[in-house]
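Encoded as structure tokens, the structure appears first; notes follow it.
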Amino acid sequence: MIPLIDDPAHLSGDRIPPNYRDLARLHQTIRMRKAFTILEFGLGYSTIVMADALMKNKLDWEALDEKPKIRNSTPFQLHSVDTSHKWIEQTKSMLPKHLATLITLHYSLAKVGTFQERACHFYEELPDVVPDFIYLDGPDPATVVGNIGGASWQNRDRVVTSGDLLRLEPQLIPGTLIVIDGRTANARFLQAHFYRNWQINYNMASDVTVCELQEKPLGKLNQATIVYCLGKSW
Ligand SMILES: C[S@@+](CC[C@H](N)C(=O)[O-])C[C@H]1O[C@@H](n2cnc3c(N)ncnc32)[C@H](O)[C@@H]1O
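Per the working numbering, the sequence shown runs over residues 1 to 234.
Structure, rendered in structure tokens:
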């Protein structure tokens, strides 16, 4: 059973309460797209909710009489990277046992860097996975280390500008979905630098940007994955 995550015992100090509407949408999207491998930037309640959706996807897959031939060496794994040991421990303490096997939490520093001469920041180390679903909700900019020519993210006016997805983009497979929670300036930065065929939509009411990699399948395995996950007419 998922714990009551707005239980007062969990709402101490600087803890932000869950946004159930956002979490429900996230769950629904992962179920609808039959996601296999999730990469999350910035853990929290979302980690539990996404793992629950992934577990349901796993059970559906296991119940198939005939499984399509696909390539995925990390099926039904959720990898979440975070810059805070404290929040990693807090999230660990909330993980329901039956979902914990699907989840790997990774600590990494986020450091100032550049992409094509433009200031941004990158996690120092990412999990070695090729996700078909990415949730961008971290890092907390206050945890970004370093400066470039004096400019740092210790200045709270500086918008969060994560460049990690620009490095990962070349290896993402057609059909991949990125969900960006808020972080509109970051979404625009990514949009300005992506080079592949992304369909990008910003939903102002929910303050979410969704990017779908719409390209012809790379081959038979990718095609079979797309048909299973997204349907024949995708
Ligand atoms: C926007 S929060 C990520 C929230 C998470 N994706 C969720 O939806 O629950 C960004 C960072 O704040 C920290 N954090 C996680 N859960 C938090 C919470 N409930 N309150 C405050 N900070 C949190 C983590 O270090 C995380 O990377």
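C-beta: ideal position from N, C-alpha, C; glycine also.
This structure is a prediction, so every number in the text was calculated from the model and none was measured.
Segment contact flag, the segment 215 to 228 with the segment 161 to 171, C-beta cutoff 8 Å, min 3 pairs:
No, because fewer than three Cβ pairs between the segment 215 to 228 and the segment 161 to 171 fall closer than 8 Å, the two stretches do not touch.
Report yes if the CB atom of Ile148 is closer than 8 Å to the CB atom of Val179, and no otherwise.
no
Along the chain, which unbroken stretches of the alpha helix (DSSP H) at least 4 residues long are found entirely within the segment 48 to 86?
none
Using a Cβ-Cβ cutoff of less than 6 Å, which residues in the same chain neighbour Trp153 once the five nearest sequence positions on both sides are dropped?
Pro141, Val144
Given this structure, state the Cα-to-Cα distance separating Asp82 from Gly231, to the nearest angstrom.
33 Å
DSSP three-state call for Arg33: helix, strand or coil?
coil
Just checking Gly175 against ligand 1 - is the residue's beta carbon closer than 7 Å to any of the ligand's heavy atoms?
The answer is no for Gly175.
Exposure of Leu78, with buried meaning 16 or more beta-carbon neighbours within 10 Å:
buried
For Gly146, the nearest candidate out of Ala51, Asp157, Leu109, Glu40 (CA to CA)
For Gly146, the nearest C-alpha among the options comes from Leu109.
Taking 8 Å as the threshold (C-beta atoms), are Asp132 and Ala35 in contact?
yes
Taking the beta carbon of Asp7 as the centre, do at least 16 other beta carbons fall within 10 Å, making it buried, or is it exposed?
Confidence is the limiting factor: at Asp7 the pLDDT is only 48, short of 50, which leaves the residue's position unreliable and the question unanswerable from this model.
Can you tell which of Asp60, Trp61, His121, Gln116 has the C-alpha that lies nearest to the C-alpha of Tyr195?
Gln116
In chain order, what residues of the same chain lie with their CB nearer than 8 Å to the CB of Leu184, ignoring the 5 residues before and after it?
The question names Leu, yet the displayed sequence has Thr at residue 184. Around Thr184: Tyr202, Asp207, Thr209.
Checking 8 Å against the spacing of the C-beta atoms, do Phe41 and Asp128 come in under that value?
no
So, with DSSP's three-state summary, where would you put Asn197?
Note: Asn197 maps to coil in three-state DSSP.
Closer than 7 Å by C-beta to Leu95: which residues in its own chain qualify, once you throw out the five before and the five after it? Chain order, please.
The residues Ile48, Ile103, in chain order, have a CB closer than 7 Å to that of Leu95 in the same chain once the five nearest residues on each side in sequence are set aside.
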